[in-house]
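Trainee:
Residue numbers (this note's numbering): 7 to 127.
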């Protein structure tokens with residue numbers, strides 16, 4: 007559940023992660039409600055081992071995250087015109103594995119993170 011929606015898609019609230027069966031490790035983040043919308047996502051560990059972001063106190067509190075192990079992270083994937091894939095590392099989607107609460111965050115260190123990080127195809 008996304009109480010605040012996604013950045014730019016604030017009306018999207020109810021979502022589920024569905025693995026792409028023929029393209030692991032990718033999943034669909036499928037929103038349902040007045041408008042059905044899906045985003046291709048991937049856990050950042052499958053894209054780059056060096057990804058680190060700083061989650062603010064307000065985000066931790068809003069998501070009721072008491073331990074780092076309670077948090078899950080996915081990033082939105084974009085298919086570029088040339089057929090390549092990039093991942094938005096600047097706006098990760100963080101969710102509480104125990105409650106299902108989720109939000110797209112702007113990390114404290116967002117200035118250091120790319121919006122279009124290339125995925126090795």
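Cβ atoms here follow ideal geometry from the backbone N, Cα and C, with glycine treated the same way.
List the endpoints of the continuous beta strand (DSSP E) containing residue 92.
Mentor: Run containing residue 92: 91-93, per the beta strand (DSSP E) assignment.
Trainee: Counting only runs that start and end within the stretch 39-76, where is the alpha helix (DSSP H) found for 4 or more residues in a row?
Mentor: 63-68
Trainee: Between 79, 74, 66, 50, which lies nearest to residue 122 when the distance is taken from Cα to Cα?
Mentor: 50
Trainee: When the Cα atoms are used, what is the spatial distance from residue 38 to residue 18?
Mentor: Rounded to the nearest angstrom, the two C-alpha atoms are 8 Å apart.
Trainee: Could you pull out every residue in the same chain whose Cβ sits closer than 6 Å to the Cβ of residue 12, ignoring the five residues on either side in sequence?
Mentor: 18, 110
Trainee: When you compare each of 68, 126, 97 to residue 106 by their alpha carbons, which one comes out closest?
Mentor: 68
Trainee: Return the CA-CA distance between residue 10 and residue 101, expressed in angstroms with no decimal places.
Mentor: 13 Å
Trainee: If I follow the unbroken beta strand (DSSP E) through residue 144, where does it start and stop?
Mentor: Examination of residue 144 is not possible in this model, given that the chain is present from 7 through 127 alone.
Trainee: Taking just the CA atoms, how far does residue 15 sit from residue 92?
Mentor: 20 Å
Trainee: Quick check on the burial criterion: 16 or more other C-beta atoms within 10 angstroms. Buried or exposed for residue 96?
Mentor: Under a 10 Å Cβ-count criterion, residue 96 is classified as buried, with 16 or more other Cβ atoms of the shown protein chains found around its own Cβ.
Trainee: Beta-carbon within less than 8 Å of residue 4's beta-carbon, same chain only, minus the 5 sequence neighbours each way: which residues are those?
Mentor: Any property of residue 4 remains undetermined from this structure, which presents the chain solely from 7 to 127.
Trainee: Could you tell me how far apart the beta carbons of residue 48 and residue 32 are, in whole angstroms, since I believe they sit closer than 8 Å?
Mentor: 5 Å
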